[in-house]
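Counting from 7, one number per residue, gives the positions in the sequence shown under our numbering. Using N, Cα and C, we set each Cβ at its ideal position, and we do this for glycine too.
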Amino acid sequence: MTGHKIYWIMSKQLKQKIDSSQPMVYQIKIRGHLDHQWTDWFDGLTIALEDNGNTLLTGLVPDQAALHGLLKKVRDLGMPLLSITHDELDNTLKKDII
């Protein structure tokens, strides 16, 4: 099996697992501290300052386009992106948040 075929198989498996049109809760960790005044600029994400000097942005992101918009904002700040994690919402939690 060539590397190209392995990539195609893995890519196909990932597409089956992630529905980019469904809202997900994301956590975006960046190096450095942000003031809470940035909450509006980051579309209402919660800003948590960590003791180690990092900032954790957490909140519901409606789709992949919105996620890319948030990542562009991180880039524009010039703050290093450390990690991105997400959790799918179950139907009961979705009702409470949306």
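In chain order, what residues of the same chain lie with their CB nearer than 7 Å to the CB of residue i, ignoring the 5 residues before and after it?
i, result
"L88", "K35, I36, R37 and N60"
Have a look at the options and flag the residue whose alpha-carbon is nearest the alpha-carbon of residue i.
i, options, result
"W47", "G75, N58, P29 and P68", "G75"
"D93", "T64, E56, D41 and I53", "T64"
"D57", "H39, V80, G84 and Q33", "H39"
Would you check if the distance between the CB atom of residue i and the CB atom of residue j is smaller than 9 Å?
i, j, result
"L62", "V31", "no"
"A71", "D49", "no"
"Q33", "I90", "yes"
What does a CB cutoff of less than 6 Å around residue i pick up in its chain, not counting 5 residues either side in sequence?
i, result
"P68", "P29"
"P86", "R37"
From the DSSP output, in three-state form, read off residue i for me.
i, result
"G84", "coil"
"Q70", "helix"
"L77", "helix"
"H39", "coil"
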